[in-house]
Amino acid sequence: MSVQRDAVVRKAYRRVGIRASRYDGMMTNSSFLGRMALRLFWGLSEANYHKYITQAFRGIPAGFDGKMLEVPVGTGALSLPVYRDLPGADITCLDFSEEMLSKARERAAAMNLFRLKFLAGDVGRLPFADNTFDLVLSINGFHAFPDKPAAFRETRRVLKKNGILTGCVYISGQNAVTDWFVKTFCSYRGYFTPPFDTLDSLQDKLRLLYQEVQVTNIGSFACFTCQR
């Protein structure tokens, strides 16, 4: 990650951390403005939003009790409720933004999820040994990561053999309104970093890295589950 881009991304997610309630309202489809944004800019109806969430987390096995890395955790609005049902899992939550991590820690404490570990770090230089995790979860991460090749390499590197990479990512070419919004707002403000994969290019990329790949498409999002 370049020093200049590093500063842009930090500034962008500092703003998100400060305005976390607005961000969470959209991510969880729980506020009026959030629901409007999901429909207008992301093309996600109520029904499609729930399909998207279900597919985004489908790669986590029921009763998972292995070692998991989530990157980025963001504010934890989507993932922490899932972790309540995984009491035996060893979960590390990593994010580049201290502000986002602070919100996630607060949420975890409020939910009595004291077993979770939180760590500031860069997905392009993960501070873990090879073959550390049974599962890596990335919800809305790869479209934001500035050094995407490094992010794909590093998330694979830290997975054990037969480990799972799962999550979701924005893909271009599915919705003209969404692509316009991403270009004129998300990328301009530093929340997303181009270039962005299409559905086809994402599938091709994952198939080069993993032995088994499943990708589903819901609006401008691709949800993936891959086995190393």
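Residues are numbered in the numbering used here as their position in the sequence shown, beginning at 1, plus a constant of 11. Just so you know, even glycine gets a beta-carbon here, dropped at the ideal spot from N, CA and C. Please read all numbers here as calculations on a predicted model, not as lab measurements.
Check	Outcome
Measure the C-alpha to C-alpha separation of Phe75 and Pro157 and round it to an integer number of angstroms.	30 Å
Given this structure, state the Cα-to-Cα distance separating Phe204 from Ala121, to the nearest angstrom.	Note that residue 204 is Thr in the sequence shown, not Phe. Roughly 32 Å between the two C-alpha positions.
State the DSSP-derived secondary structure class of Thr177, mapped to helix, strand or coil.	strand
In three-state DSSP terms, what is Phe43?	helix
Nearest CA to the CA of Ala67: which residue from Gln238, Cys234 and Arg239?	Cys234
Leaving out the 5 sequence neighbours to the left and right, which residues in its chain are closer than 6 Å to Glu223 when beta-carbon positions are compared?	Gln238
Tell me Ser149's beta-bridge partners as DSSP assigns them.	Gly178
First and last residue of the alpha helix (DSSP H) that includes Gln214?	Leu210 to Leu220
So which of Leu137, Arg200, Gly45 and Ala100 has the shortest CA-CA distance to Pro260?	Outside the modelled stretch of the chain, which goes from 12 to 239, sits residue 260, for which no answer is possible.
Beta strand (DSSP E) containing Thr227: first to last residue?	Glu223 to Ile229
Below 8 Å on the Cβ atoms is my contact criterion, and I expect Leu148 with Met38 to pass it. Report the Cβ-Cβ distance as a whole number of Å.	In fact, because the Cβ distance is near 15 Å, the residues do not count as touching under 8 Å.
Assuming Thr103 is part of the beta strand (DSSP E), what are its boundary residues?	Asp101 to Asp106
Tell me the DSSP secondary structure of Gln66 in three-state form.	helix
Starting from Ala162, trace the alpha helix (DSSP H) both ways and give me its first and last residue.	Lys159 to Arg168
Quick one: what does DSSP say Thr189 is sitting in, helix, strand or coil?	helix
May I ask you to report which of helix, strand or coil DSSP gives Ala119?	helix
Let me know if Trp53 comes out buried or exposed under the rule of 16 or more other beta-carbons within 10 Å of its beta-carbon.	buried
Can the beta-carbon of Val169 be found closer than 7 Å to that of Phe144?	yes
Between which two residues does the alpha helix (DSSP H) containing Leu91 stretch?	Leu91 to Tyr94
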